[in-house]
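Input: a single structure, listed below in structure tokens.
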Amino acid sequence: MRRKLRQAEKAGVTISQTGTLPIAEMRALARRWAARHGGEKGVSMGRFDLRILPGQQVFLAHVGGALIGFVTFHTSPTAWSLDLMRHDDDLPDGTTHALVTAAIDAAHRQGIARLSLAAAPLGLPDRLARTAQGLIRFKQSFAPRWQPLYLAAPGWLALFYAGLALAVAIHRPPPLRSQSMLHQDDNLYAENTFETPGNPCHGPLATLTG
């Protein structure tokens with residue numbers, strides 16, 4: 000972890016949590032990410048949704064003033080949960096580690112008792128498991144306490160259809176209607192920004208200097 004953070008710092012990565020979000024830049028980055036990953040996913044996988052973004056905790060990564068990645072967290076008075084991780088493919092090594100580390104530090108400063116890095120698929124067939132190993136290794140680097148999650152059904156046939164329905168809902172989600180119809184033009188937003196909750200801070204965070 001320390002090596003990853005040093006790599007990000009050496010590359011000039013700065014992490015910020017600001018009260019005003021650069022929506023146009025974030026949307027463009029999210030669209031690039033989705034184009035590389037077969038589109039946005041649904042159900043348990045977060046989607047870039049302007050209806051919920053203002054109520055989340057958001058952390059931004061920049062290099063030389065350019066936005067290269069961001070993470071968002073669902074919040075409650077006692078817990079945060081990772082929602083989105085969006086970034087360009089050519090971002091410096093360690094950037095996503097720095098983003099999540101900054102979020103963990105911010106949650107600690109705000110007295111949040113629990114922070115979840117969300118789920119990772121385990122127990123998959125070898126062919127599918129290989130594609131998930133990078134995500135599992137990334138989350139494991141934060142030394143989390145793993146908690147098993149199960150899909151239960153009254154019988155094998157019901158379990159099969161439930162799993163199939165879940166897979167379809169994740170990989171072929173319906174469009175976000177209000178967003179697709181009303182928000183196609185970023186200029187509809189005043190100055191392309193949103194205000195977010197939390198304690199804003201600007202510039203590099205302390206997590207990148209150690």
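Take 0 as the starting number for the sequence shown in numbering that gives the first Met the number 0 and just add one per residue.
Every residue, glycine too, gets a C-beta built ideally from N, C-alpha and C.
| Item | Value |
| --- | --- |
| Helix, strand or coil at T77 [DSSP, three-state] | coil |
| Own chain partners of K3 with C-beta closer than 8 angstroms, once the 5 adjacent residues on each side are dropped | D92, G93, H96, A97, S140 |
| Given R46 as reference, the closest of E24, H61, V70 once Cα atoms are compared | V70 |
| Spatial distance of P74 from A142 (CA atoms) | Here the sequence assigns Thr to residue 74, which means Pro is not the residue at that position. Cα-Cα distance, rounded: 21 angstroms. |
| For D210, three-class secondary structure by DSSP | With the chain represented from 0 up to 209, any question about residue 210 goes unanswered, as that position is not in the structure. |
| Cβ distance (whole Å) where V57 is taken to contact Q16 below 8 angstroms | 7 angstroms |
| C-alpha distance - A119 paired with G64, whole-angstrom precision | 32 angstroms |
| Same chain only: Cβ atoms within 7 angstroms of A10, ignoring 5 sequence neighbours per side | V62, P91 |
| Same chain, Cβ closer than 6 angstroms to S115, neighbours up to 5 away in sequence not counted | S80 |
| Reduced DSSP category for F159 - H, G, I as helix; E, B as strand; rest coil | helix |
| Beta bridge counterpart(s) of R113 as assigned by DSSP | A78 |
| Cβ shell of D82 (< 7 angstroms), same chain only, five flanking positions each side left out | G45, Q55, T71, F72, H73 |
| Whole-angstrom distance between R26 and W155, CA atom to CA atom | 41 angstroms |
| Which listed residue (Q132, A117, M0, W32) has its alpha carbon closest to that of L148 | A117 |
| Cβ-based neighbour list, F137, same chain, cut-off 8 angstroms, excluding 5 preceding and 5 following | T95, H96 |
| CA-to-CA distance, A34 to H107, given in whole angstroms | 34 angstroms |
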